[in-house]
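The next block holds one structure in the form of C-alpha cells; read it before the comments.
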Amino acid sequence: MHYTPNELEEFLIKSEVRDIIYYLMEINLLKRDYNCKGCNNPCKLSKYNKNIDKNAWRCMERSCKEYKFYFSIRKNSFFEDLRLSLKDIMKVIIRYSCRQQVYTIYNNLDMSEKTIRNILNKLVVKIPIPDFSNDKLGGPGFIIQVDETMLNYKVKSHRGRAATNKTDALCIVETRNKITRVYAQVIEDKKAETIIPIICNQVVPGSVVWTDEHRSYLSLVNKGFQHDSVCHKYEFVDKVKGVHTQSVESFHNQLKLEIKKRKGIKTEKRSDFLKEFCFFYNNRDNFYLAIINLLKV
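Per UniProt numbering, the sequence shown starts with residue 1, numbered consecutively.
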C-alpha cells in the first residue's frame, strides 16, 4: 500500500527497522531479493548488527566461497552510499516532496544541513532533464506560449549585492484552459538561431504558438507554426485576436518565487534548478508519488 506523506512519517516513527525495510521493498525502493555474487544463488535477509540497517543479505550456500558473507540491502538503490538510517533519509525525502525548503527541513530534523543537502543533491541528480522531443508539446486543441526570463534573484530596494552573473532561460508552456505541461532550459543568448531550434525540437509542427514581439520569433511561421504575437508596449492581451503570454508569465512568476524562497540560485546550479522545478510543475498534482516513482529500483 502507498501511504500519504503524513501517514508514512507516522509509520516511520512507530515502526521497527525490519518493518521499514519490508515497506521500502513493497514500494520498490529496496530490492526484494539479492543473488550472491559468488554462487549466484538467492541470499537470505538476516539480522546483522554491524551496519546501520541491522539487516543484510546473507549467502547460505555451503559450497560457495561467500558462504555466510553479508551484503548490504541498499545495493543498487537510492540509499546506497548514504550514511544515515533509512528512516532519516525517508524523512528528508518526505519533506522535500511536500515542498519544504532546506532550512525548514534542517530546523525540523535533528541532522546537519550538509547531510540534508547530500541527500537532496543525490535526489536532484535522479530527476530527468525535461525533454518532450518524443512526446511533443502542443498539437490540436492546445496553445503554446513562449517567453524568456532571467533567473537572477533581484535584491530588494537595492540592498545587498546586485547580480552580475545573469542567466536567461527559455520557457515553453502548453495550455488548454490552464497550463498542462512546461519546459525550460538555460540559453546563452536570445538569438533566433538559439531559440527556434529548441521550439522545433519540443513543439508539434503546426501548433499554435503565442509570443511577444521579440524579433527572434519571426521565423516561426517559416517553420510551419501558426504564430501570433502581442506587443507588450501597448497591451498585454490583443483585444482583436485574444493573443497573450499571461500563462507563461504566470509560470515565470512561480519560478522566480521559488528562487526568492531559496535566496537565489548559484550560476552553476541554474540548469539543475530548472529541471527540478519543471519536474515539480509537471507532477504538481502528486509530486510525492512522482518522487517515489523516481527512486524505485
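Beta carbons are placed, not taken as given, at the ideal position from N, Cα and C, and that holds for glycine.
Fair warning: this is a prediction, and the values are worked out from it, not measured in the lab.
Problem set entry | Where the alpha helix (DSSP H) through residue 237 begins and ends | Here residue 237 corresponds to residue number 237 of the sequence shown, with the count starting at 1. Taken as a continuous stretch (DSSP letters only), residue 237 belongs to no alpha helix (DSSP H), as it is neither H nor E.
Exercise. Name the DSSP beta bridge partners of residue 71, please?
Worked result: As a first step, residue 71 must be located in the sequence shown, where it is residue number 71. In the DSSP output, where bridge partners are listed per residue, residue 71 has 57.
Exercise. Looking at the unbroken beta strand (DSSP E) that takes in residue 46, where does it start and where does it end?
Worked result: Indexing the sequence shown from 1 puts residue 46 at position 46. Unbroken beta strand (DSSP E) run through residue 46: 44-47.
For this session: With residue 270 as the anchor, note down where its alpha helix (DSSP H) starts and where it stops.
Result: The sequence position of residue 270 within the sequence shown is 270, counting from 1. Residues 270-282.
Exercise. Between the C-alpha atoms of residue 14 and residue 20, what's the straight-line distance to the nearest angstrom?
Worked result: Residue 14 sits at position 14 when you count from the first residue of the sequence shown. Residue 20 sits at position 20 when you count from the first residue of the sequence shown. Using only the alpha carbons, I get a separation of about 10 Å.
Exercise. Taking the C-alpha atoms as reference points, what is the distance between residue 200 and residue 206?
Worked result: The residue you call residue 200 lines up with position 200 of the sequence shown. The residue you call residue 206 lines up with position 206 of the sequence shown. Between residue 200 and residue 206, the C-alpha separation is close to 10 Å.
Problem set entry | Beta-ladder partner(s) of residue 179, from DSSP | In the sequence shown, residue 179 corresponds to position 179, counting from 1. In DSSP, residue 179 forms a bridge with 175.
Exercise. With a CB to CB cut of under 8 Å and the five nearest residues on each side skipped, what residues in its chain are close to residue 34?
Worked result: As a first step, residue 34 must be located in the sequence shown, where it is residue number 34. So the qualifying residues of the chain are 42, 43, 57, 71, 73 and 75.
Exercise. Which whole-angstrom value is the C-beta distance of residue 130 and residue 183, which I expect to be below 8 Å?
Worked result: Within the sequence shown, the letter at position 130 stands for residue 130. Within the sequence shown, the letter at position 183 stands for residue 183. Right, their Cβ atoms sit about 5 Å apart.
Exercise. So, are the CB atoms of residue 221 and residue 227 less than 8 Å apart?
Worked result: Numbered from 1 along the sequence shown, position 221 holds the residue referred to as residue 221. Numbered from 1 along the sequence shown, position 227 holds the residue referred to as residue 227. Closer than 8 Å, so yes.
Exercise. Near residue 117, which residues of its chain fall below 8 Å by C-beta distance, leaving aside the five closest residues on each side in sequence?
Worked result: Taking the sequence shown and counting its residues from 1, the one referred to as residue 117 is at position 117. Result list for residue 117: 102, in chain order.
Problem set entry | C-alpha gap between residue 225 and residue 39, whole angstroms | Numbered from its first residue, the sequence shown carries residue 225 at position 225. Numbered from its first residue, the sequence shown carries residue 39 at position 39. Taking the straight line joining both Cα atoms gives about 60 Å.
Exercise. Between the region 131-149 and the region 243-262, do at least 3 Cβ pairs fall closer than 8 Å?
Worked result: yes
Exercise. How would you call residue 161, buried or exposed, if buried means at least 16 neighbouring beta carbons within 10 angstroms?
Worked result: Numbered from its first residue, the sequence shown carries residue 161 at position 161. At residue 161, the pLDDT of 48 sits below 50, so the modelled position is not reliable; the number obtained from the coordinates is stated separately. Flag for residue 161 reads exposed.
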